[in-house]
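**Q** Under this note's numbering, the first residue of the sequence shown is numbered 1, with each subsequent residue one higher. Built from N, CA and C at the ideal position, the CB exists for glycine as well.
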Amino acid sequence: MKALEFSRKEARYVAAAISSRIRPGSGASAGPLTLVDADPLDLPGPGWRRVTTRLAGICGSDLATVDGKSSRYFEPWVSFPFVPGHEVVGERDDGVRVVLEPVLGHEARGFQPPFPGAAPGDGDDYRHLVGGLLEPGIQTGYCASTGGGWASEFVAHESQLHPVPEDLSDEAAVMIEPAAVGVHAALKAGITEDQTIAILGAGTMGLVALAAIRQFCPAAEVIVGAKYSEQQELARSLGADLVVGPDEVVRAVRRASGSFMIGDDLSGGADVVIDAVGSAASVDQAIGTARPRGRVVLVGMPGRVAVDLTALWHRETELVGAYTYGTERLSDGSTKRTFDLAAELVAAADLGRLVSATYPLERYEDALLHAASAGSRGSIKVCFDLR
Numbered sequence: 001m002k003a004l005e006f007s008r009k010e011a012r013y014v015a016a017a018i019s020s021r022i023r024p025g026s027g028a029s030a031g032p033l034t035l036v037d038a039d040p041l042d043l044p045g046p047g048w049r050r051v052t053t054r055l056a057g058i059c060g061s062d063l064a065t066v067d068g069k070s071s072r073y074f075e076p077w078v079s080f081p082f083v084p085g086h087e088v089v090g091e092r093d094d095g096v097r098v099v100l101e102p103v104l105g106h107e108a109r110g111f112q113p114p115f116p117g118a119a120p121g122d123g124d125d126y127r128h129l130v131g132g133l134l135e136p137g138i139q140t141g142y143c144a145s146t147g148g149g150w151a152s153e154f155v156a157h158e159s160q161l162h163p164v165p166e167d168l169s170d171e172a173a174v175m176i177e178p179a180a181v182g183v184h185a186a187l188k189a190g191i192t193e194d195q196t197i198a199i200l201g202a203g204t205m206g207l208v209a210l211a212a213i214r215q216f217c218p219a220a221e222v223i224v225g226a227k228y229s230e231q232q233e234l235a236r237s238l239g240a241d242l243v244v245g246p247d248e249v250v251r252a253v254r255r256a257s258g259s260f261m262i263g264d265d266l267s268g269g270a271d272v273v274i275d276a277v278g279s280a281a282s283v284d285q286a287i288g289t290a291r292p293r294g295r296v297v298l299v300g301m302p303g304r305v306a307v308d309l310t311a312l313w314h315r316e317t318e319l320v321g322a323y324t325y326g327t328e329r330l331s332d333g334s335t336k337r338t339f340d341l342a343a344e345l346v347a348a349a350d351l352g353r354l355v356s357a358t359y360p361l362e363r364y365e366d367a368l369l370h371a372a373s374a375g376s377r378g379s380i381k382v383c384f385d386l387r
């Protein structure tokens with residue numbers, strides 16, 4: 001089978017980091033990512049299935065890995081060589097079209113789940129991620145035992161596979177995983193009807209978070225900072241009350257909240273700020289834009305950043321990470337798996353339209369260059385097409 005394999009080659013990783021500073025996405029050619037002919041993986045144990053990839057997305061964490069920018073924090077949590085790709089729609093070995101929930105949870109590794117009906121991402125101890133039936137790996141796409149979506153085939157546990165409704169296209173189905181991250185972030189934000197929300201960034205993560213906020217809290221006022229015209233148009237169509245350039249977010253929030261400027265920060269601010277960028281500058285702006293005792297939710301993977309946390313301390317701001325998904329508690333007290341909520345959101349908001357371009361696996365260098373400059377090229381989500 002064809003697969004894009006990421007190996008532990010330190011010199012190539014450093015070369016990718018240097019190259020990507022000049023041209024984002026060029027780590028695909030300079031780094032340790034190689035297109036190989038690989039043997040099919042063995043099934044690790046009971047309940048495991050083979051899946052043939054149809055579409056596999058390229059996300060920000062994938063790009064950070066390929067470009068040598070991902071945090072060293074993840075090194076003990078992955079195993080090499082791994083095949084990237086965790087946003088996947090494929091065909092199970094019985095012909096059923098499925099979408100992958102990539103977290104390698106308790107059941108996949110041969111452990112008892114933390115409670116009956118738990119999702120792979122549930123639980124308050126991560127020790128299982130480096131034990132059991134599999135090599136270490138936080139998700140499919142970062143584990144040597146499972147392969148990933150950037151290949152013609154991978155293996156997955158039944159607990160990770162969700163049948164795709166017939167009325168959803170492959171393009172819509174491949175958006176369920178990123179939409180689940182947006183749903184999780186929106187629900188972790190704890191938004192109420194009368195609040196003002198600011199979203200920094202309108203790439204995939206910012207747009208799916210916006211769609212989720214509109215789904216679960218339609219009366220909140222949402223201000224979105226979007227750099228490119230295509231992002232701005234999509235943000236408006238997904239229900240943003242106000243869409244401004246990144247440099248205008250603070251001013252827009254100041255007006256909406258009736259705040260004063262004190263230095264570079266607001267005296268008041270937004271009740272919740274969703275940071276869908278994950279840079280040092282965006283984290284700093286998010287803290288300064290949230291009101292005292294407000295909340296900042298990190299959706300974009302931040303990596304290693306240098307941020308002055310004095311404002312966080314002084315304003316008693318909550319800084320919340322929103323990594324993936326699991327089981328959500330809804331406002332009426334009921335619970336539901338994030339992936340089920342995400343599938344409903346993808347259909348309701350027509351999120352399949354965010355898929356802007358697809359490439360065959362053999363053109364992976366072009367695909368990754370495109371994904372790294374998606375905004376400036378009028379694109380949102382770039383995928384590998386193995387159909």
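With a threshold of 8 Å on Cβ separation, who are the neighbours of Ala219 within its own chain once the five nearest residues in sequence on each side are excluded?
**A** Glu193 and Asp194
**Q** Under a three-way DSSP split, which group does Gly131 fall into?
**A** coil
**Q** Can the beta-carbon of Asp271 be found closer than 9 Å to that of Gly294?
**A** yes
**Q** Leaving out the 5 sequence neighbours to the left and right, which residues in its chain are closer than 6 Å to Ile58 when beta-carbon positions are compared?
**A** Cβ neighbours of Ile58 beyond the five flanking positions: Ala371 and Val382.
**Q** With which residues is Phe82 paired in a DSSP beta bridge?
**A** Phe6
**Q** Out of Asp275, Thr204 and Ile197, which has the shortest C-alpha to C-alpha gap to Arg255?
**A** Ile197
**Q** Can you give me the Cβ contacts of Val89 inside the same chain, cut-off strictly under 6 Å, excluding the 5 residues immediately before and after it?
**A** Arg54, Leu55, Val99, Asp170, Ala173 and Val174
**Q** Where does Thr289 fall in DSSP's three states?
**A** helix
**Q** Thinking just about the alpha-carbon of each residue, which of Gly68, Ser259 and Arg236 is nearest to the one in Ala349?
**A** Arg236
**Q** Among Pro44, Glu75 and Pro165, which has the Cα closest to the Cα of Glu158?
**A** Pro44
**Q** State whether the segment 78-85 contacts the segment 141-152, with contact taken as three or more CB pairs (one from each stretch) at a distance under 8 Å.
**A** Touching, yes, given that three or more Cβ pairs across the two stretches are closer than 8 Å.
**Q** Mind checking who Arg304 pairs with in its DSSP beta bridge?
**A** DSSP, once it has assigned bridges, lists no residue as partnering Arg304.
**Q** Report, in whole angstroms, the separation of the C-beta atoms of Gly137 and Leu104, which I expect to be a contact under 8 Å.
**A** 6 Å
**Q** My parser needs the beta strand (DSSP E) runs of 3 or more residues fully inside the segment 306-379; what are they?
**A** 318-321, 327-329, 335-337 and 355-359
**Q** Thinking C-beta only, is Glu362 closer than 9 Å to Leu341?
**A** no
**Q** Keeping to the same chain, check which residues put their C-beta closer than 6 Å to that of Ala202; ignore five residues upstream and five downstream.
**A** Val224, Ala226, Gln231 and Ala235
**Q** Check for me: the beta strand (DSSP E) holding His162 runs from which residue to which?
**A** Here the beta strand (DSSP E) through His162 covers Leu161 to Pro163.
**Q** From Arg251 to Trp150, what distance separates their C-alpha atoms?
**A** 42 Å
**Q** Please report the distance separating the alpha-carbon of Asp167 from that of Phe154.
**A** Distance between the alpha carbons of Asp167 and Phe154 is about 25 Å.
**Q** Can you tell which of Gly25, Gly148 and Lys9 has its C-alpha closest to the C-alpha of Ala38?
**A** Gly148
**Q** What separation, rounded to the nearest whole angstrom, lies between the Cα atoms of Asp42 and Leu207?
**A** Each residue's alpha carbon lies about 38 Å from the other.
**Q** To the nearest whole angstrom, what separates the beta carbons of Tyr323 and Ala119, a pair I think is in contact under 8 Å?
**A** Not a contact, Cβ separation roughly 13 Å.
**Q** Count the other C-beta atoms from every protein chain shown that fall within 10 angstroms of the C-beta of Gly378, then say buried if there are 16 or more, exposed otherwise.
**A** exposed
**Q** Which residue spans inside the segment 30-92 form an unbroken alpha helix (DSSP H) run of at least 4?
**A** Runs of the alpha helix (DSSP H) inside the segment 30-92: 60-66.
**Q** Please name the residue, chosen from Leu4, Lys2 and Pro32, that lies closest to Ala11 on a Cα-to-Cα basis.
**A** Pro32
**Q** Measure the Cβ-Cβ separation of Ala343 and Pro165 and say whether it is below 9 Å.
**A** yes
**Q** How many angstroms separate the CA atom of Ala16 from the CA atom of Ala64?
**A** In a straight line, the C-alpha of Ala16 is about 10 Å away from that of Ala64.
**Q** For the candidate residues Asp62, Leu4 and Lys69, whose alpha-carbon lies nearest to that of Ser20?
**A** Lys69
**Q** Suppose the cutoff is 7 Å on Cβ atoms and the five residues either side in sequence are ignored; what does the same chain contact list for Pro24 look like?
**A** Asp67, Ala372 and Ser373
**Q** Hey, how far is the Cα of Val273 from the Cα of Gly182?
**A** C-alpha separation (whole angstroms): 13 Å.
**Q** Compare the Cα-Cα distances from Val14 to each of Ala290, Ser29 and Lys2 and report the closest residue.
**A** Ser29
**Q** I need the boundaries of the alpha helix (DSSP H) containing Leu187, first residue and last residue.
**A** Ile176 to Lys188
**Q** Can you find the residues in the same chain that come closer than 7 Å, C-beta to C-beta, to Arg304, ignoring five residues on each side of it along the sequence?
**A** Ser71
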